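There are 2 protein chains.
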Amino acid sequence: MRLSQFHLHTSKEIPADAEIVSHKLMLKAGMIRKLASGLYTWTPLGLRVLRKVERAVREEMDAAGAIEMLMPSVQPKELWEETGRWEKFGGQLLKIRDRKEAWYCYGPTHEEVVTDFARNELSSYKQLPVCFYQVQTKFRDEIRPRFGVMRAREFLMKDAYSFHLGDADLDRQYRVMYDAYSRIFSRLGLGFRAVFADTGAIGGSASHEFHVLADSGEDAIAFCDGSDYAANVELAEALAPGARPVASETLRKVETPTQKTCEAVAELLGIGLQRTVKSVALFGNVRDGDAPDQKPGFVLALVRGDHSVNEIKLAKLDGMADYRLATEAEILEHLGGAPGFLGPVAPKQPITVIADRSVAAMADFVVGANETGYHLAGVNWGRDLPEPAVVADIRNVVEGDPSPDGKGTLAIARGIEVGHIFQLGRKYAEAMGCTVLDDSGKAATPTMGCYGIGVSRIVAAAIEQNHDDNGIAWPEAMAPWQVAVCVINPKKDAAVAEAAEALYRELAAAGLEVVLDDRGLRPGAMFADIELIGIPHRVVVSERGLAAGTFEYRQRRAEAAENLDRAALGQRLGIGGGN
Amino acid sequence: MRLSQFHLHTSKEIPADAEIVSHKLMLKAGMIRKLASGLYTWTPLGLRVLRKVERAVREEMDAAGAIEMLMPSVQPKELWEETGRWEKFGGQLLKIRDRKEAWYCYGPTHEEVVTDFARNELSSYKQLPVCFYQVQTKFRDEIRPRFGVMRAREFLMKDAYSFHLGDADLDRQYRVMYDAYSRIFSRLGLGFRAVFADTGAIGGSASHEFHVLADSGEDAIAFCDGSDYAANVELAEALAPGARPVASETLRKVETPTQKTCEAVAELLGIGLQRTVKSVALFGNVRDGDAPDQKPGFVLALVRGDHSVNEIKLAKLDGMADYRLATEAEILEHLGGAPGFLGPVAPKQPITVIADRSVAAMADFVVGANETGYHLAGVNWGRDLPEPAVVADIRNVVEGDPSPDGKGTLAIARGIEVGHIFQLGRKYAEAMGCTVLDDSGKAATPTMGCYGIGVSRIVAAAIEQNHDDNGIAWPEAMAPWQVAVCVINPKKDAAVAEAAEALYRELAAAGLEVVLDDRGLRPGAMFADIELIGIPHRVVVSERGLAAGTFEYRQRRAEAAENLDRAALGQRLGIGGGN
Chain U
44 MRLSQFHLHT
54 SKEIPADAEI
64 VSHKLMLKAG
74 MIRKLASGLY
84 TWTPLGLRVL
94 RKVERAVREE
104 MDAAGAIEML
114 MPSVQPKELW
124 EETGRWEKFG
134 GQLLKIRDRK
144 EAWYCYGPTH
154 EEVVTDFARN
164 ELSSYKQLPV
174 CFYQVQTKFR
184 DEIRPRFGVM
194 RAREFLMKDA
204 YSFHLGDADL
214 DRQYRVMYDA
224 YSRIFSRLGL
234 GFRAVFADTG
244 AIGGSASHEF
254 HVLADSGEDA
264 IAFCDGSDYA
274 ANVELAEALA
284 PGARPVASET
294 LRKVETPTQK
304 TCEAVAELLG
314 IGLQRTVKSV
324 ALFGNVRDGD
334 APDQKPGFVL
344 ALVRGDHSVN
354 EIKLAKLDGM
364 ADYRLATEAE
374 ILEHLGGAPG
384 FLGPVAPKQP
394 ITVIADRSVA
404 AMADFVVGAN
414 ETGYHLAGVN
424 WGRDLPEPAV
434 VADIRNVVEG
444 DPSPDGKGTL
454 AIARGIEVGH
464 IFQLGRKYAE
474 AMGCTVLDDS
484 GKAATPTMGC
494 YGIGVSRIVA
504 AAIEQNHDDN
514 GIAWPEAMAP
524 WQVAVCVINP
534 KKDAAVAEAA
544 EALYRELAAA
554 GLEVVLDDRG
564 LRPGAMFADI
574 ELIGIPHRVV
584 VSERGLAAGT
594 FEYRQRRAEA
604 AENLDRAALG
614 QRLGIGGGN
Chain H
44 MRLSQFHLHT
54 SKEIPADAEI
64 VSHKLMLKAG
74 MIRKLASGLY
84 TWTPLGLRVL
94 RKVERAVREE
104 MDAAGAIEML
114 MPSVQPKELW
124 EETGRWEKFG
134 GQLLKIRDRK
144 EAWYCYGPTH
154 EEVVTDFARN
164 ELSSYKQLPV
174 CFYQVQTKFR
184 DEIRPRFGVM
194 RAREFLMKDA
204 YSFHLGDADL
214 DRQYRVMYDA
224 YSRIFSRLGL
234 GFRAVFADTG
244 AIGGSASHEF
254 HVLADSGEDA
264 IAFCDGSDYA
274 ANVELAEALA
284 PGARPVASET
294 LRKVETPTQK
304 TCEAVAELLG
314 IGLQRTVKSV
324 ALFGNVRDGD
334 APDQKPGFVL
344 ALVRGDHSVN
354 EIKLAKLDGM
364 ADYRLATEAE
374 ILEHLGGAPG
384 FLGPVAPKQP
394 ITVIADRSVA
404 AMADFVVGAN
414 ETGYHLAGVN
424 WGRDLPEPAV
434 VADIRNVVEG
444 DPSPDGKGTL
454 AIARGIEVGH
464 IFQLGRKYAE
474 AMGCTVLDDS
484 GKAATPTMGC
494 YGIGVSRIVA
504 AAIEQNHDDN
514 GIAWPEAMAP
524 WQVAVCVINP
534 KKDAAVAEAA
544 EALYRELAAA
554 GLEVVLDDRG
564 LRPGAMFADI
574 ELIGIPHRVV
584 VSERGLAAGT
594 FEYRQRRAEA
604 AENLDRAALG
614 QRLGIGGGN
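Quick note, the sequences are listed as chains U and H, same order.
Each position in the first sequence, counted from 1, maps to that position plus 43 in the working numbering.
Each position in the second sequence, counted from 1, maps to that position plus 43 in the working numbering.
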């Protein structure tokens, strides 16, 4: 491709409404243009990258034995009513009424449609297992579309659905898809982790999210340094520490006049933060008409001072499904103290203490004294207060925690979710009456898996992971072109133009994707564009180089350019020495 | 591909709601499945064909210098209001309201979006000419969706839009697209014609439709046997015949007691149909308040007995834009005769006679006598009635007419519109304020072209053109696979299964797209499937053939199969003799 024949339209301005790097760089590089809220046009440059992702996804899905099909984007309401999701899916479902007043939606996902397809197409166990997929435009009416194509309303997705007679076969397929997803992100050159996940709105059992790692990611991920284990921080289990040490201090009241946080108290007392305990006052589910002293009622949740409470874990405990923070009045009534100085010792009213496993294993710790300006030090379970009513994992894991799989230590990174695989089970097939005859001639409900990849989102996630101050630095497999041949003064210097043209043709003939920058821009502007749009290899053809028999070569992430002869250049580009 | 690993699901039933061959065969072959009215799922088999069309379109568009991009399918109302089409487009526009109560539509076409893109992206004449295209899902809320994907509501389209500073450059681009379209249909192996066309709702000047020729086509096309000339029958000009012969008969009244049609009269009188004249009584535009005798008022349109009136041509004449058929009362008042015996001679009231060119060139002709049961024969202009007030081309052309370009004779065929190219002009750019600076620094409004292809419709049109009683007979370039290797009794006969597997691998290695039918069906059922889904080449591997050292080969349209050795088979498949 010659850039003079292409529509490249970069911009120096930083768009006002772009909050994250990928959105800014995609607009500056001219990869996308906003049409309306959450609706983006992919320019020729952007589409080249999008298509690379699409191709990698398609090839790996084909290689994994999935069969491509294409379902309509517009779906009739009746199908969604069969599964109850017409109402349940919520405001993200874009509802449409046609000229005959019939209701449809713009598909945000295709479980209903593919299950309808399956109940008509599949009649025998002999047709199973089968895995269908499509690469298709979806629509989710986000309440606050933002971050460009990272959270757009209209987006490109690969969604796959598999059907199985038994759970074991679904497990097998799930592993096949897990591996295919890993290959997709590997070949795209992205740092990623497969993360244990909750199934969220779609429902089902086993589930993994695939995250591209990037500092700007919305999700915090805990992963093991010695194994494949990875989980959302919110879901990763914090293991119980070793046995509780023997008490060695006496209980004493210490003055902490303005020290309302564990950090401040630890600093004042000159002890480690991990010797303090944070008390969070909560109110659990007490239903109308129940006895007022029913547990959990007023709850004091305790985590170590260097830990944070995990709300999801807490809410999974008995009676805590709809817990809320306690009011100041409730705190006063039950503990007698003011926030900042709360603790589990000697409450005014009976309370439920829920201690994190690590807190339950502490001795000689520090808590609030339930008296403004004071904490208690040298506190010990059983001696100074009763053993906690509930001991559970209620904290977020932190860097350095042992991995739950026992194979190493956890590290924490941020990630952007770009893929999700689920074991759906029989939920949709049952709701929609999808059955096949098994080998004994009886009707059996197939179990299902579903496997999604945010094709357009991967483009943005890759930029979040691969950029610098000069712009995007694409992994080779995602770059719009692998090599840019830049010509200095093509209009003034025919020999240079010819040499560049010859090199361009040679590299293309060797199988590289090459773009010739023959626009005739000044070198600074040309190089800035080529860096901004992230071409991995830049080769400059100039009068001076031509005289010296060299080309100026620069890898996108390299500190400096080098002058290489044709043979060395070919080697650097991985195509041998040329003619 | 092994069929045992593919989801092929053919059916013997003829679906009740399928009216045309392509719809029936696509359902029987299992290429599409209906989701709802005008909404179809493309099964794995159907999608293979759709993708072949898509690829051919994309490659030829790229080769023609068009640049691919991708615009959203959902478009904001505001853009459509700028061109006035939010109201004007009519019921086919699927309007959508989002969760914030803002209005959008599911794009049926993208003139507004691309012009909005252009006004933001294009600022200088140096960026012109440019031609953008996309391959994308469109939606038109058809009042009566039917014929499967031939007239679906959701469909796949390639739409391209070009921008130019001057009309001459648009002409150049238009020719480039015309040629690209011709290459697309040629390489797909389809019989087609590029046809002069009206621009319809989109508006503009020059326009061609590309039609796949098929007996079932909705449009009748006139094309020249000696040139590229082709036009919708309704638009093709009927040239004026030679000079009027000298009158040789006397006017006489003939009894035609029950003969109300030209055919019946000609038969009774024993003359050629082309000597009779058909009189059609019409009423042209007479506006309120105008004088009652204003022309055209009551009109008698005359065409030769073997011709038919062309309503479009008629409506283009002065005062005929909103013409209607005359009522029986009006006929009685103006002519005095009853329908079936009408004629232009001696009306009771003044009338306007509009004669087709061929009628104006007749002598000694036959018309109705305005008296029930009688016609007039030997009628001559100027002698028996005044020369016609208007002489014009008001008939449809017929087979054998001279071509309007003077290069041969017209033939008539039926066609299915699958592509359309327009010169849009400045209509959209003007309405939306799209300008660029020209080389003198002045703002100039670019002129536009637009170029559409119905990608999914081509699949159906190809079937209408290529089928027989056994099913589809794909052109090579559109077939889901080029070759089917059919195995007889693979489960019982390991040697046959091995030989088939070896042949399958060999042919695939030679670059052919091969499918191995290893499903273990009985030969009859297997062959029926392979014929139904239209694979061009079928090779059967059987025990008997193996013993004889031959393969049974049959081309899809051939009368019979032949037994060929490996070398001959390779030659037949165009890959040489094998190992």
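Where is the CB? At the ideal position from N, CA and C, for every residue including glycine.
None of these values were measured; they are calculated from a predicted model.
Distance cutoff 9 Å, beta carbons only. Does residue i sit that close to anything in chain U?
i	result
tryptophan 85 of chain H	yes
leucine 93 of chain H	yes
alanine 503 of chain H	no
proline 119 of chain H	yes
alanine 403 of chain H	no
valine 173 of chain H	yes
Using the three-state DSSP reduction, which class does residue i fall into: helix, strand or coil?
i	result
glutamine 317 of chain U	helix
tryptophan 524 of chain H	coil
glutamine 48 of chain H	helix
valine 157 of chain U	helix
glycine 386 of chain H	coil
tyrosine 272 of chain U	coil
arginine 236 of chain U	strand
arginine 142 of chain H	coil
histidine 350 of chain H	coil
methionine 69 of chain U	helix
serine 116 of chain H	coil
tryptophan 129 of chain H	helix
asparagine 413 of chain U	strand
Beta-carbon of residue i versus every beta-carbon of chain H: anything under 9 Å?
i	result
alanine 244 of chain U	Since pLDDT at alanine 244 of chain U reaches only 40, below the 50 mark, its modelled position is unreliable, and no value is offered.
phenylalanine 190 of chain U	no
glutamate 544 of chain U	no
serine 80 of chain U	yes
aspartate 222 of chain U	no
glutamate 261 of chain U	no
glycine 492 of chain U	no
glutamate 197 of chain U	yes
tyrosine 204 of chain U	no
For residue i, count the other beta carbons within 10 Å of its own beta carbon; 16 or more makes it buried, fewer makes it exposed. Which is it?
i	result
serine 270 of chain H	exposed
alanine 211 of chain H	exposed
arginine 70 of chain U	For the record, residue 70 of chain U in the displayed sequence is leucine; it is not arginine. The residue in question, leucine 70 of chain U, is buried, as its Cβ has 16 or more Cβ neighbours within 10 Å.
glutamate 197 of chain H	buried
threonine 158 of chain H	buried
proline 533 of chain H	buried
proline 288 of chain U	exposed
serine 585 of chain H	buried
threonine 152 of chain U	buried
Since residue i contacts residue j with CB under 8 Å, what's their CB separation in whole angstroms?
i	j	result
alanine 420 of chain H	leucine 312 of chain H	7 Å
leucine 453 of chain H	glycine 468 of chain H	Not confirmed; about 30 Å, so no contact.
valine 479 of chain H	alanine 487 of chain H	6 Å
tyrosine 547 of chain U	leucine 564 of chain U	Wrong, their Cβ atoms sit about 16 Å apart, outside the cutoff.
glycine 386 of chain H	valine 410 of chain H	3 Å
tyrosine 204 of chain U	glycine 462 of chain U	Incorrect: roughly 15 Å between the Cβ atoms, too far for contact.
Task: 3-residue-minimum beta strand (DSSP E) runs that sit fully inside the region 170-234 of chain H, ordered along the chain - done: If we require 3 residues or more, the beta strand (DSSP E) runs fully inside the region 170-234 of chain H come out as 173-182 and 197-207.
Open item on the list: Extract the residue ranges of the alpha helix (DSSP H) inside the region 538-592 of chain U, only unbroken runs of 4 or more that lie entirely within it.
Closed with: Here the runs fully enclosed are 566-575 and 586-591.
Task: 3 or more residues per run - each beta strand (DSSP E) lying fully within the region 441-484 of chain H - done: Runs found: 453-468.
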